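Working notes for the structure below.
2 protein chains.
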Amino acid sequence: MFRPQIKILDCTVRDGGLINQWQFSDDFVRKVFIALSQSGVDYMEIGYKSSEKYFSRSENGAWKFCSEDDLKRIVGGFEKKLKLSAMADIGRIDHEDIPQKSASILDMIRIACYVKEIDKAISLAHYCMEKGYETTINIMAVSKVLEKDLDEALDDISKSDVPIIYLVDSFGAMYSEQIHFLAKKYFDALPGKELGIHTHNNQQLAFANTIEGIIAGINRLDATIYGMGRGAGNCPLELLLSFLKNPKFDIRPIIEIIQEIFILTKAKIEWGYHIPYMITGILNEHPRSGMKAMAAKKLPNLRQFYENLRDEIPID
Amino acid sequence: MFRPQIKILDCTVRDGGLINQWQFSDDFVRKVFIALSQSGVDYMEIGYKSSEKYFSRSENGAWKFCSEDDLKRIVGGFEKKLKLSAMADIGRIDHEDIPQKSASILDMIRIACYVKEIDKAISLAHYCMEKGYETTINIMAVSKVLEKDLDEALDDISKSDVPIIYLVDSFGAMYSEQIHFLAKKYFDALPGKELGIHTHNNQQLAFANTIEGIIAGINRLDATIYGMGRGAGNCPLELLLSFLKNPKFDIRPIIEIIQEIFILTKAKIEWGYHIPYMITGILNEHPRSGMKAMAAKKLPNLRQFYENLRDEIPID
Chain A
1 MFRPQIKILD CTVRDGGLIN QWQFSDDFVR KVFIALSQSG VDYMEIGYKS
51 SEKYFSRSEN GAWKFCSEDD LKRIVGGFEK KLKLSAMADI GRIDHEDIPQ
101 KSASILDMIR IACYVKEIDK AISLAHYCME KGYETTINIM AVSKVLEKDL
151 DEALDDISKS DVPIIYLVDS FGAMYSEQIH FLAKKYFDAL PGKELGIHTH
201 NNQQLAFANT IEGIIAGINR LDATIYGMGR GAGNCPLELL LSFLKNPKFD
251 IRPIIEIIQE IFILTKAKIE WGYHIPYMIT GILNEHPRSG MKAMAAKKLP
301 NLRQFYENLR DEIPID
Chain B
317 MFRPQIKILD CTVRDGGLIN QWQFSDDFVR KVFIALSQSG VDYMEIGYKS
367 SEKYFSRSEN GAWKFCSEDD LKRIVGGFEK KLKLSAMADI GRIDHEDIPQ
417 KSASILDMIR IACYVKEIDK AISLAHYCME KGYETTINIM AVSKVLEKDL
467 DEALDDISKS DVPIIYLVDS FGAMYSEQIH FLAKKYFDAL PGKELGIHTH
517 NNQQLAFANT IEGIIAGINR LDATIYGMGR GAGNCPLELL LSFLKNPKFD
567 IRPIIEIIQE IFILTKAKIE WGYHIPYMIT GILNEHPRSG MKAMAAKKLP
617 NLRQFYENLR DEIPID
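Chains as they are written, first to last, in our numbering: chain A, 1 to 316; chain B, 317 to 632.
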């Protein structure tokens with residue numbers, strides 16, 4: 001597949017940091033930055049932009065905050081071949097925490113929100129655009145919302161200036177048919193806007209669903225190195241680079257950094273396909289109960305875990 | 317997805333045995349048999365039917381041979397709720413090794429062959445049908461054959477009495493577009509015959525491609541518990557059972573046996589997504605070089621491994 005409009009955003013550090021509270025060494029983040037630059041990836045999402053009023057640096061690594069000092073420490077001295085992005089969650093950042101683009105190394109701020117927060121997200125996105133950033137809205141957890149509410153949210157976005165909207169499978173619950181259905185819905189509701197896709201791998205469908213998104217016309221693709229990401233992880237960048245035939249992409253620096261760093265990292269901080277995440281995925285639930293099961297010293301009885309979650313018996 | 321015609325064949329022991337030369341304990345195989353029976357799976361492929369003239373029992377476990385004594389030892393005394401299948405490879409079994417159906421616990425013999433062996437496969441399939449077995453032909457490695465040769469093979473099969481033909485992605489190299497293309501080709505060339513699909517997980521697409529096969533109209537689906545199978549493994553049965561809405565299927569016995577046996581088994585004899593298998597998959601190559609890389613005490617330089625395989629520099 002070669003479509004020149006396609007752009008890849010790698011969110012290894014941002015989504016991967018959800019596993020270890022962004023406790024990455026500078027060396028790790030810098031090596032990811034260099035490998036991504038060499039591979040031709042268009043954007044590196046290096047973390048969240050969050051307010052230190054709401055989160056402490058003692059509990060969270062630098063990439064929960066993405067201060068300019070943190071960013072300079074990593075990319076200072078290197079030629080910047082890719083753009084840098086940070087994600088902002090509604091309610092976890094205030095307007096005054098976002099500097100003018102001219103004072104920042106960041107190029108893009110992506111606003112993550114639930115359907116019910118869409119007006120706040122549009123407002124924050126407009127603010128970021130005024131400051132000079134490229135901006136997107138990523139609507140989370142749409143596999144659990146009433147279609148009417150989603151349609152209303154899309155209608156609100158269609159009237160906004162926000163140019164890029166992401167289809168997000170937060171729970172790894174979607175099959176190809178849901179991807180095609182939602183991609184068509186988003187395109188129909190959002191004329192003139194660009195779409196992106198962000199998937200999770202609970203059912204081993206993150207890469208497959210990203211391909212289906214591409215077939216449906218989506219041009220902004222999220223991926224992470226070796227699939228690193230919360231719970232079952234994300235669409236593996238190495239697979240996506242190999243699928244895309246765009247001459248600007250090179251898989252080899254990614255193979256290299258997987259061998260140098262990620263195989264070992266995965267042995268230490270676990271992500272990927274595991275039955276607890278599969279169960280939350282097939283039941284279209286937030287992965288938090290799966291993460292709790294995986295973090296326990298001994299796995300709970302998984303048949304019971306499935307039955308409780310299916311029957312909505314509280315498991316915490 | 318609920319389509320009453322859909323039938324699942326579990327080939328955990330047959331394909332999984334390619335990893336460990338079928339060195340499974342009787343207890344393991346019996347537990348798989350019981351769990352599959354409880355889950356509503358239609359067929360269990362318990363191994364290969366091979367000749368002891370060509371393979372020794374000192375190097376291969378019982379399920380390389382599937383003698384009637386071996387089979388009785390496992391399923392004797394249980395109510396047989398599912399059908400038993402064995403696979404036969406061309407050139408590794410002779411006609412006289414196949415008993416009358418009336419003298420066998422097996423219900424089905426699936427003939428695996430390459431395109432160039434199609435006439436031998438049809439002949440052996442006809443022989444098995446005369447003996448009283450359900451019979452299929454599984455054409456391997458079709459991602460590497462000239463389309464003209466595949467068309468000829470399908471034409472030969474269309475003239476045969478063999479009722480079921482499998483689309484096989486031996487190298488885990490196909491994307492959804494290849495699945496749809498080939499499924500259409502097979503259906504067009506084989507009027508009146510049923511299709512099956514067997515996938516490998518080198519690119520994390522085994523389950524996704526099985527779904528696309530279903531969407532394309534394929535009704536015979538191969539899967540293995542926890543994806544166990546040679547190299548990157550196969551379509552995970554637990555995911556497939558969850559996708560299918562047929563009331564006869566129950567995922568819970570499979571979740572149970574995964575926890576009891578397969579999580580530990582996977583830690584001992586490795587299968588699943590690993591970069592060497594990904595590389596053979598994206599390059600559309602036999603997984604043997606990936607298996608060699610994985611079996612080494614230390615992984616080879618993977619960037620070099622990729623470049624050598626891509627440039628067809630011999631790596632053995």
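Backbone N, C-alpha and C fix where the C-beta goes; we use that ideal spot for every residue, glycine too. These figures come from a predicted structure and were not determined experimentally.
Residue i versus residue j: straight-line alpha-carbon distance, rounded
| i | j | result |
| --- | --- | --- |
| Lys-380 (chain B) | Gly-233 (chain A) | 37 Å |
| Val-29 (chain A) | Phe-207 (chain A) | 23 Å |
| Met-403 (chain B) | Cys-382 (chain B) | 10 Å |
| Ile-218 (chain A) | Thr-199 (chain A) | 13 Å |
| Arg-220 (chain A) | Ser-37 (chain A) | 17 Å |
| Asp-342 (chain B) | Lys-388 (chain B) | 11 Å |
| Val-484 (chain B) | Ile-495 (chain B) | 9 Å |
| Cys-235 (chain A) | Leu-625 (chain B) | 24 Å |
| Phe-249 (chain A) | Lys-509 (chain B) | 43 Å |
| Gly-543 (chain B) | Gly-377 (chain B) | 21 Å |
| Ala-611 (chain B) | Leu-521 (chain B) | 23 Å |
Chain B contact for residue i (CB, 9 Å cutoff)
| i | result |
| --- | --- |
| Ala-35 (chain A) | no |
| Leu-146 (chain A) | no |
| Glu-45 (chain A) | no |
| Met-278 (chain A) | yes |
| Ala-208 (chain A) | yes |
| Arg-3 (chain A) | no |
| Ser-289 (chain A) | no |
| Leu-205 (chain A) | yes |
| Tyr-175 (chain A) | yes |
Beta-carbon spacing of residue i, residue j below 9 Å
| i | j | result |
| --- | --- | --- |
| Ile-165 (chain A) | Ile-211 (chain A) | no |
| Thr-596 (chain B) | Asn-518 (chain B) | yes |
| Ala-112 (chain A) | Asp-89 (chain A) | yes |
| Ile-197 (chain A) | Ile-157 (chain A) | no |
| Trp-22 (chain A) | Val-13 (chain A) | yes |
| Leu-560 (chain B) | Ile-591 (chain B) | no |
| Leu-334 (chain B) | Met-360 (chain B) | no |
| Arg-230 (chain A) | Gly-16 (chain A) | yes |
| Ile-282 (chain A) | Ile-598 (chain B) | no |
| Gly-213 (chain A) | Ala-189 (chain A) | no |
| Val-162 (chain A) | Met-140 (chain A) | no |
| Tyr-502 (chain B) | Leu-470 (chain B) | yes |
| Leu-398 (chain B) | Asp-435 (chain B) | no |
| Ser-176 (chain A) | Ile-531 (chain B) | yes |
Short CB-CB distance (under 9 Å) between residue i and chain A
| i | result |
| --- | --- |
| Pro-552 (chain B) | yes |
| Met-544 (chain B) | no |
| Leu-555 (chain B) | yes |
| Glu-623 (chain B) | yes |
| Ile-527 (chain B) | yes |
| Arg-568 (chain B) | yes |
| Gly-588 (chain B) | yes |
| Asn-617 (chain B) | yes |
| Phe-559 (chain B) | yes |
| Asn-658 (chain B) | Residue 658 (chain B) lies beyond the residue range present for chain B, which begins at 317 and ends at 632; the question has no answer from this structure. |
| Ile-591 (chain B) | yes |
Which of helix, strand or coil DSSP assigns to residue i
| i | result |
| --- | --- |
| Val-142 (chain A) | helix |
| Val-168 (chain A) | strand |
| Ala-88 (chain A) | strand |
| Met-445 (chain B) | helix |
| Tyr-114 (chain A) | coil |
| Pro-507 (chain B) | coil |
| Pro-552 (chain B) | strand |
| Tyr-311 (chain B) | Nothing about residue 311 (chain B) can be reported from this structure: the residues present for chain B run from 317 to 632 only. |
| Ser-420 (chain B) | coil |
| Gln-575 (chain B) | helix |
| Gln-23 (chain A) | coil |
| Gly-499 (chain B) | It is worth fixing the name first, because residue 499 (chain B) is Ala in this sequence and not Gly. Of the three classes helix, strand and coil, the one that applies to Ala-499 (chain B) here is helix, per DSSP. |
| Asp-385 (chain B) | helix |
| Asn-60 (chain A) | coil |
| Ala-532 (chain B) | coil |
| Ser-476 (chain B) | coil |
| Ala-293 (chain A) | helix |
In DSSP terms, what residue i is bridged to
| i | result |
| --- | --- |
| Leu-537 (chain B) | B:Ile-324, B:Ile-513 |
| Lys-399 (chain B) | B:Tyr-359 |
| Ile-453 (chain B) | B:Ile-427, B:Ile-481 |
| Tyr-48 (chain A) | A:Met-87 |
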